[in-house]
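Let me begin by presenting the structure, written as structure tokens, before commenting on it.
Residue numbers (our numbering), protein chains in the order written: chain B, 1 to 356; chain G, 357 to 536.
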């Protein structure tokens, strides 16, 4: 460390505590006085602090009378010069960085199922916005598997299901969510789904009433009217629309309007090609044969009966159903007599049970 | 508006302070600036600092000053995105998701550059902008907004920023994914 002597008072101290003015060295009190006097005399009065490059600017290390090298603008000892030019990351910060990366990885891996569920939720929401309701249902159901407590997912799933006529899926989504309880009953989505659900339930109540009526012979026309009301109340349901057509078949049979009976059964068969709908066509054609004697109807009826049998194969319930109605249709074809199921049962099946 | 002592906030959100100062140090090293002192976290004011040499290189100054803002914001988005769905949309009670949300918000809360960082940039930017330095031109409105935001810390603007980034960014991310 270098020392200096004040040109005024003669005090000796480290050079860093001195100032230079007009080429002379002053201590701090003397430089103030000298500057004031120079200013009063109209002479230059600027002064600067003296530096000592033999002292490290960072740690204060003393290098005796030798200067430290200047790094940037500051004299620094070797250790400080190395440190300031390449400040090392502490070990703990490196470990913390690795820990943060590990957390990031955990966050991504742990969150993967949520990302998928979220993506399904937003995709479902978008599909609903685009009115692709039935396509939205599986996406939203997948979200509910991960997040059964999500109000939004449950309500959107129910909405999509109801608007695609799938009341069962809607019921599953709503009742799977905290037993059907939702915290915010004023929420717009809740209100919308509540309205849809109530409308669907009213329709199904009417459908059930129609079904009970249809079970009693002679009420086919009234049952069909009620089923049409149900279908009109909930037009999103293709199930109810088809049921209305099927009830129309019964009404046409009751009115002995066999041309309408054939047309309606063929329409339903084209929409839902199943064993029972094929049998309904066979039944209608058998009626036409019975009243006209036209063998063409008989041939077509037998073809449809064969199709019904083929479609029922492998399903015990369908096979049993086929057995029941095929007997009656064959009787109609063989005798050209049109009798109702009740009459047929009384005439033949009651006798069978007596024998058995 | 209720007042919580700064050291309590710093303690509760210490990961954000550490990330902020580490980002400062990273950019100082990246641009070969001399570093004289570093404190990653302390219970006091400031809760962390990096003392580095002054520079006339605006690019270096910009990244050293604004680097933590970008790094903290990015990490806030990542961690909050991981936690956003289970907490906000899916209503799943997952403790790990709450931990990630705390971590993300802590980091996001300390995204704002300090007044000193912004002051250095604000001082140099007009002159550099006059000479057509694109980064300086871009930094001026950014610095102006952040200076105001910095003063608004008294009304929890930093927490507001963290929450906004931690909620709005994930919503944007997932809305975009839902449209794919």
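We put the CB at the ideal spot given by N, CA and C, even for glycine.
Whole-angstrom distance between residue j and residue i, CA atom to CA atom
i, j, result
"residue 469 of chain G", "residue 378 of chain G", "13 Å"
"residue 354 of chain B", "residue 347 of chain B", "Residue placement at residue 354 of chain B cannot be trusted, given a pLDDT of 38 that sits under 50; the coordinates are not used to answer."
"residue 368 of chain G", "residue 27 of chain B", "50 Å"
"residue 180 of chain B", "residue 174 of chain B", "5 Å"
"residue 272 of chain B", "residue 135 of chain B", "20 Å"
"residue 42 of chain B", "residue 35 of chain B", "10 Å"
"residue 517 of chain G", "residue 418 of chain G", "21 Å"
"residue 89 of chain B", "residue 487 of chain G", "36 Å"
"residue 362 of chain G", "residue 400 of chain G", "8 Å"
"residue 233 of chain B", "residue 156 of chain B", "21 Å"
"residue 529 of chain G", "residue 176 of chain B", "28 Å"
"residue 386 of chain G", "residue 413 of chain G", "13 Å"
"residue 12 of chain B", "residue 53 of chain B", "18 Å"
"residue 384 of chain G", "residue 425 of chain G", "15 Å"
"residue 196 of chain B", "residue 203 of chain B", "11 Å"
"residue 102 of chain B", "residue 112 of chain B", "15 Å"
"residue 352 of chain B", "residue 342 of chain B", "Only weak support is given to the placement of residue 352 of chain B: the predicted model assigns it a pLDDT of 48, under 50, and the question is left unresolved by the model."
"residue 297 of chain B", "residue 286 of chain B", "7 Å"
"residue 68 of chain B", "residue 91 of chain B", "29 Å"
"residue 372 of chain G", "residue 125 of chain B", "35 Å"
"residue 257 of chain B", "residue 323 of chain B", "26 Å"
"residue 168 of chain B", "residue 201 of chain B", "11 Å"
"residue 300 of chain B", "residue 239 of chain B", "27 Å"
"residue 490 of chain G", "residue 411 of chain G", "18 Å"
"residue 433 of chain G", "residue 244 of chain B", "54 Å"
"residue 472 of chain G", "residue 421 of chain G", "9 Å"
"residue 481 of chain G", "residue 441 of chain G", "40 Å"
"residue 24 of chain B", "residue 75 of chain B", "23 Å"
"residue 284 of chain B", "residue 527 of chain G", "59 Å"
"residue 309 of chain B", "residue 331 of chain B", "16 Å"
"residue 4 of chain B", "residue 59 of chain B", "22 Å"
"residue 268 of chain B", "residue 261 of chain B", "11 Å"
"residue 478 of chain G", "residue 499 of chain G", "7 Å"
Proximal chain B residues relative to residue i, where beta-carbon distance stays under 8 Å
i, result
"residue 486 of chain G", "Those do not exist, as residue 486 of chain G stays about 26 Å from chain B at its closest Cβ, beyond 8 Å."
"residue 434 of chain G", "104, 107"
"residue 396 of chain G", "90, 93"
"residue 531 of chain G", "122"
9 Å Cβ cut-off: residues of chain B touching residue i
i, result
"residue 456 of chain G", "103, 106, 107, 110, 111"
"residue 414 of chain G", "Neighbours of residue 414 of chain G on chain B: none; closest Cβ ~18 Å, over 9 Å."
"residue 381 of chain G", "87, 89, 93"
Partner residues on chain G for residue i, Cβ-Cβ distance less than 7 Å
i, result
"residue 121 of chain B", "445"
"residue 5 of chain B", "Neighbours of residue 5 of chain B on chain G: none; closest Cβ ~32 Å, over 7 Å."
"residue 84 of chain B", "390, 391, 392"
"residue 243 of chain B", "In chain order: nothing, as chain G lies at least about 36 Å away."
Chain G contact residues for residue i, given Cβ-Cβ distances below 8 Å
i, result
"residue 117 of chain B", "441, 446"
"residue 39 of chain B", "The premise fails here: residue 39 of chain B is roughly 31 Å from chain G at the closest Cβ pair, so nothing lies under 8 Å."
Residue range of the beta strand (DSSP E) that includes residue i
i, result
"residue 393 of chain G", "391 to 395"
"residue 21 of chain B", "19 to 21"
"residue 14 of chain B", "12 to 14"
Range of the contiguous alpha helix (DSSP H) that encloses residue i
i, result
"residue 542 of chain G", "Lying before the first or after the last residue shown, residue 542 of chain G is absent from chain G, which here runs from 357 to 536."
"residue 508 of chain G", "Counting along the chain, residue 508 of chain G falls outside any alpha helix (DSSP H), and DSSP gives it neither H nor E."
"residue 123 of chain B", "112 to 129"
"residue 380 of chain G", "370 to 386"
"residue 3 of chain B", "Looking at the DSSP string, residue 3 of chain B is not in any alpha helix (DSSP H); the run it does join, the beta strand (DSSP E), is 3 to 5."
"residue 316 of chain B", "316 to 335"
"residue 374 of chain B", "Past the boundaries of the shown model lies residue 374 of chain B; chain B is included only from 1 to 356, so the question cannot be answered."
"residue 342 of chain B", "341 to 344"
Contact list for residue i against chain G, beta-carbon separation under 9 Å
i, result
"residue 147 of chain B", "441, 442, 445, 446, 447, 448"
"residue 71 of chain B", "390"
"residue 51 of chain B", "What residue 51 of chain B touches in chain G: nothing, since even the nearest Cβ is about 17 Å away."
"residue 211 of chain B", "Correct list: empty, because the minimum Cβ distance to chain G is about 39 Å."
Best match in the options for proximity to residue i [C-alpha to C-alpha]
i, options, result
"residue 329 of chain B", "B:319, B:340, B:320", "B:340"
"residue 119 of chain B", "B:37, B:211, B:139", "B:139"
"residue 306 of chain B", "B:317, B:277, B:289", "B:277"
"residue 225 of chain B", "B:246, B:238, B:76, B:237", "B:246"
"residue 254 of chain B", "B:275, B:222, B:266, B:344", "B:222"
"residue 178 of chain B", "G:447, G:491, G:476", "G:447"
"residue 30 of chain B", "B:15, B:14, B:10", "B:10"
"residue 20 of chain B", "B:37, B:45, B:309, B:39", "B:45"
"residue 171 of chain B", "B:193, B:183, B:150", "B:193"
"residue 409 of chain G", "G:463, G:476, G:443", "G:476"
"residue 8 of chain B", "B:160, B:187, B:37", "B:37"
Within chain B, the residues that residue i reaches when beta carbons sit closer than 7 Å
i, result
"residue 452 of chain G", "110"
"residue 438 of chain G", "107, 108, 111"
- [ ] Could you tell me which uninterrupted alpha helix (DSSP H) segments, each at least 4 residues in length, are contained entirely in the stretch 174 to 224 of chain B, listed from first to last along the chain?
- [x] 188 to 214
Open item on the list: In chain order, what are the residue ranges of uninterrupted alpha helix (DSSP H) at least 4 long that sit wholly in the stretch 24 to 82 of chain B?
Closed with: 28 to 40
TODO: Go through the stretch 445 to 529 of chain G residue by residue and report every complete run of the beta strand (DSSP E) that reaches 3 residues or more, in order.
DONE: none
TODO: Mind listing, in chain order, the continuous alpha helix (DSSP H) runs of no fewer than 4 residues lying wholly within the stretch 251 to 296 of chain B?
DONE: Counting only runs that start and end inside the stretch 251 to 296 of chain B, the alpha helix (DSSP H) elements of at least 4 residues fall at 258 to 271, 275 to 292.
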